[in-house]
Ligand code: PEP
Ligand code: MG
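Residue numbers (my numbering): 2 to 583.
Below, the structure is given as structure tokens:
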């Protein structure tokens, strides 16, 4: 095989070297595994066993349905049982296992998908409706296969580069616990939660690799270069050696950047800037400390729900998690965001229900208002864990003051409840809200008088102010952090909060882009929260700046008309050595 380079978009930096595993449909947890010749016979027998077990399950379900709903409804399952026992259907699956040397799960999923597409094209309404039967048969088969020698990624020896179409945040989390060292995907974006997880765990990720699933096969050697926006399939020995050397350099540079915990960044003229970490998992605590955070500015607590899904975490599980977080970071302050679920991404299965426009629907605090019982157990755990460190609690996606007041009233209730129960807790936890909606940004002065602190979530603020879905690759070019409207909105938030005792920080991805640091400090921000690995880079950038020079830069940016003009201006600023950025 000759070497092939594919250009994409590197959304999580660094280098990974490994062998490809092509994920057919990560969302359904169906992975494709390549089998050796000797494994094909046993795999076919595994499929046949699973088919018999699925048939037995379906027959039991049919009897139950008949008793509960009568014969008419039960006959639906009869049709599915017939399909499951159909010889031609089984032959297709067996042929696929044999000819492609793949695992039974993948052969089942792929065969059912293909048949479904064919059914959908047929004129007959009867056959089109059989698609549902097919999906159910596929589910029964996959479930039975899980019980019979399920394949896992960890079975594969060595480093795995996951090649797929797109990846849900929950899958990124699951796979990162295996031997996966990087991701090469057809679809993705810079500010999606999947990307944020990959960055948090320091796993290189390149997206927008159209057609990679057709080009790559399991076990292909792959290099991912997240810094140079490319992946390399079948690298030559020379290229491989170059990348092994680069990987070694990156790993030792990583060890060198460790700083003293809690050292504050300072501008050239002595203004202190607090650099905080954004975390999704307790596994990241060591990195946050190693890279010198002064505390945690954003702990995305919804990832715990994803880890536990489909179970909802209990109060005790939450308590253990928050205790570990506060103890691990002690004495640094930790801001926990109450769960930001909904809006299409993140454990949608917890709160089923169709929404035409989920990103504008039940998300963040809106969803928690509908499920106060879940919020209650999270809040009880937070107040109880608060005795172990310096905790702050923050709510996501507020758009009205009533939402903040609801949250504060709930907190007051929880404190009274814990006191009445005689449970140890800290009643004086500071409360805050995220500013992520343009409407809330324009009312920042009012919000600032309701809470102890506010944090600007630019990932969503950009999405909502420019009407650009942050997960949609078709409009990715319009997702512009330097759009002058976004900059003006940021300035108006800072101005609104100024003069109130409310603390203000910024915790979106903009905080980790050194190009934007002069603007953010120039409008008056003094607290920035970011992925731990960005802290040394931003700290160094801050050291190069003089606050007194930044007023004119800020004014100039705010007067410009386009995002590109702002980028050019910021990129052209002289660095202390007199060299301008490319
Ligand atoms: C944001 O929106 O900027 C933010 C920090 O929250 P998230 O990325 O989790 O939506
Ligand atoms: Mg957000």
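For each residue, glycine too, the CB sits at the ideal point set by N, CA and C.
The straight-line gap separating the alpha-carbon atoms of residue 553 and residue 302 is approximately 39 Å. For residue 279, the shortest separation between its Cβ and any heavy atom of the ligand MG does not lie below 7 Å. DSSP places residue 490 in the uninterrupted alpha helix (DSSP H) bounded by 485-498. By the beta-carbon neighbour count (other beta carbons within 10 angstroms, threshold 16), residue 123 is exposed. Cα atoms of residue 461 and residue 438: separation of roughly 7 Å, rounded to the nearest angstrom. For residue 184, the enclosing beta strand (DSSP E) begins and ends at 181-186. Under DSSP, the beta-bridge partners assigned to residue 35 are 103. If you compare the alpha carbons of 33, 17 and 15 with that of residue 23, the shortest gap goes to 33. DSSP places residue 7 in no alpha helix (DSSP H) but in the uninterrupted beta strand (DSSP E) bounded by 5-8. For residue 471, the three-state secondary structure derived from DSSP is coil. Cα atoms of residue 235 and residue 87: separation of roughly 41 Å, rounded to the nearest angstrom. Taking each of 486, 10 and 451 in turn and checking the Cα distance to residue 501, the smallest one comes out for 451.
Contact annotation: the region 242-253 touches the region 9-19, with at least three C-beta pairs closer than 8 Å. Close CB contacts of residue 523 within its chain, under the 7 Å cut and outside five residues either way in sequence, are with 551, 552, 554 and 555 (chain order).
At least one heavy atom of the ligand PEP falls within 7 Å of the beta-carbon of residue 508. A distance below 8 Å separates the beta carbons of residue 11 and residue 226. In chain order, the residues positioned with their C-beta nearer than 7 Å to some heavy atom of the ligand MG are 341, 397, 398, 435, 437, 458, 460 and 461.
If you check the CB distance, residue 297 and residue 335 come in under 8 Å.
For residue 336, the enclosing beta strand (DSSP E) has its first and last residue at 334-338.
The beta carbon of residue 200 sits closer than 6 Å to the beta carbons of 13 and 532 from its chain, once the five residues preceding and following it are set aside; these are given in chain order.
The residues 370, in chain order, have a CB closer than 7 Å to that of residue 407 in the same chain once the five nearest residues on each side in sequence are set aside. Put simply, the backbone Cα of residue 2 is about 23 Å away from that of residue 208. Per DSSP, reduced to three states, the secondary structure at residue 384 is helical. The beta strand (DSSP E) runs of length 3 or more contained entirely in the region 425-454 are, from start to end of the chain, 431-436. Counting other Cβ atoms within 10 Å of its Cβ, residue 193 reaches 16 or more and is therefore classed as buried.
Per DSSP, residue 287 is one residue of the alpha helix (DSSP H) stretching across 286-291. With fewer than 16 other beta carbons inside 10 angstroms of its own, residue 5 counts as exposed.
DSSP places residue 422 in the uninterrupted alpha helix (DSSP H) bounded by 402-422.
When rounded, the separation of the alpha-carbon atoms in residue 164 and residue 560 is 44 Å.
DSSP places residue 234 in the uninterrupted beta strand (DSSP E) bounded by 231-234. Counting every other CB atom within 10 Å of its CB across the protein chains shown gives residue 484 a total of 16 or more, marking it as buried. At a Cβ-Cβ threshold of 8 Å, residue 316 and residue 378 count as neighbours. Judged by DSSP in its simplified three-state form, residue 283 adopts helix. The beta carbons of residue 427 and residue 384 sit closer together than 8 Å. When DSSP states are grouped into helix, strand and coil, residue 342 belongs to the coil group. A distance criterion of 7 Å places the beta-carbon of residue 299 in contact range of the ligand PEP, judged by its closest non-hydrogen atom.
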